[in-house]
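**Q** Let me give you the structure first, and then I'll get to my questions.
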Amino acid sequence: MSRRILIIDDEDDIRQVAALSLETVAGWDIIVASTGAQGIQRALENLPDAILLDVMMPGMDGPTTFRELQKNPVTAKIPVILLTAKVQSADQRRFADLGVRAVLTKPFDPLTLSSQIERILGWA
Amino acid sequence: MDNSDPTSQLQTADSISLAMERLWTRFLPEITQRITVIESAIDAIESNHGADNLRGQAQIAAHKLAGSLGTFGLRQGTEIARLIEQIFAPGEDPTNITTLREMTKQMRSIIENRPRNV
């Protein structure tokens, strides 16, 4: 089953690798955004099945973007998975406490990213 | 997309591998620029000139390297970048310049000598 995923990350290399991974391995339809504000707009326009959201972004960071998505009943239903390069358990707990579906640590393996998402969201 | 059979999985892995090589070539200048930012911060700390601003930039650069190098197969690069990121964190005092330089040099070497998967 094809899914639509929105990737919100300020880093071009991460967006491209994640998109490549999910398109090639899983055949999913990918939308990208480089800022939190753009991500919110694209979420409203495209109603993705899930959102991969980077934590550390300039301006509107990941947690702020998530809270904004939660404020709108349309986007609040979309499951969000945070992406972060922070590995300390205190950071991971803080992010998980936001209410996101899961927190994935960067770097990710492009061959297994889609299966990780499937397991988290119960799509497998 | 059916990736259940081994042949299909191999083809997918090959496609990813080739595409990742193209992406590596494309983003290598940006990746090496992050190393340069870190090196500049180290120089500034050593000369005690303009270090505060550059420390913040170096921490961000190390953070980005930590998040991306492993995706391109450079796990050791990610581990070193994480250590450098911690050293540049607010409140930390990067006094061991020699070690910091060695770690950065090692990270640069890992990047420059990344084996090609083609």
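Chains as they are written, first to last, in our numbering: chain A, 34 to 157; chain B, 83 to 200. Ideal Cβ positions, reconstructed from N, Cα and C, are used throughout, including at glycine.
Where does residue 145(B) land, buried or exposed, given buried means 16+ other C-beta within 10 angstroms?
**A** As a working mapping, residue 145(B) is identified with position 63 in the second sequence. With 16 or more Cβ atoms within 10 Å of its Cβ, residue 145(B) is classed as buried.
**Q** CA-CA distance, residue 119(B) and residue 34(A)?
**A** Numbered from 1 along the second sequence, position 37 holds the residue referred to as residue 119(B). Numbered from 1 along the first sequence, position 1 holds the residue referred to as residue 34(A). Rounded to whole angstroms, residue 119(B) to residue 34(A) spans 44 angstroms at the Cα level.
**Q** If you run the structure through DSSP and keep just helix, strand and coil, what is residue 40(A)?
**A** As a first step, residue 40(A) is located in the first sequence; it is residue number 7 there, counting from the start. Note: residue 40(A) maps to strand in three-state DSSP.
**Q** Could you check whether the Cβ of residue 150(B) sits closer than 7 angstroms to any Cβ belonging to chain A?
**A** By 1-based counting over the second sequence, the position of residue 150(B) is 68. It does: the Cβ of residue 150(B) has a partner Cβ on chain A nearer than 7 angstroms.
**Q** Closest by CA to residue 66(A), which one among 76(A), 139(A) and 110(A)?
**A** On the first sequence, position 33 is the one that residue 66(A) refers to. Taking only the C-alpha atoms, the option nearest residue 66(A) is 76(A).
**Q** Let me know if residue 96(B) comes out buried or exposed under the rule of 16 or more other beta-carbons within 10 Å of its beta-carbon.
**A** Residue 96(B) sits at position 14 when you count from the first residue of the second sequence. The residue is exposed, with fewer than 16 neighbouring Cβ atoms inside 10 Å.
**Q** Name the chain A residues whose beta carbon is nearer than 8 angstroms to that of residue 102(B)?
**A** Position 20 of the second sequence holds residue 102(B). Within chain A, the residues near residue 102(B) are 50, 53 and 143.
**Q** Given this structure, state the Cα-to-Cα distance separating residue 165(B) from residue 92(A), to the nearest angstrom.
**A** Residue numbering aside, residue 165(B) sits at position 83 when the second sequence is read from its first letter. Residue numbering aside, residue 92(A) sits at position 59 when the first sequence is read from its first letter. Distance between the alpha carbons of residue 165(B) and residue 92(A) is about 25 angstroms.
**Q** What residues of chain A sit near residue 137(B), judged by a beta carbon separation below 8 angstroms?
**A** Here residue 137(B) refers to the residue found at position 55 of the second sequence. Those do not exist, as residue 137(B) stays about 16 angstroms from chain A at its closest Cβ, beyond 8 angstroms.
**Q** In chain A, which residues lie less than 8 angstroms from residue 105(B) when you measure between Cβ atoms?
**A** The residue labelled residue 105(B) in the question sits at position 23 within the second sequence. Going along chain A in sequence order, the residues near residue 105(B) (Cβ under 8 angstroms) are 46, 49, 50 and 53.
**Q** From residue 93(B) to residue 56(A), what does the alpha carbon distance come to, in whole angstroms?
**A** Taking the first residue of the second sequence as position 1, residue 93(B) is located at position 11. Taking the first residue of the first sequence as position 1, residue 56(A) is located at position 23. Approximately 14 angstroms, taken between the alpha carbons.
**Q** Is it the case that the Cβ atoms of residue 128(B) and residue 186(B) are separated by a distance below 7 angstroms?
**A** Taking the first residue of the second sequence as 1, we reach residue 128(B) at position 46. Taking the first residue of the second sequence as 1, we reach residue 186(B) at position 104. No, the Cβ-Cβ distance between residue 128(B) and residue 186(B) is not below 7 angstroms.
**Q** Quick check: what's the CA-CA separation for residue 201(B) versus residue 108(A)?
**A** With chain B represented from 83 up to 200, any question about residue 201(B) goes unanswered, as that position is not in the structure.
**Q** In chain B, which residues lie with their C-beta within 8 angstroms of the C-beta of residue 93(A)?
**A** To locate residue 93(A), count along the first sequence from 1; it is residue 60. In chain order: nothing, as chain B lies at least about 16 angstroms away.
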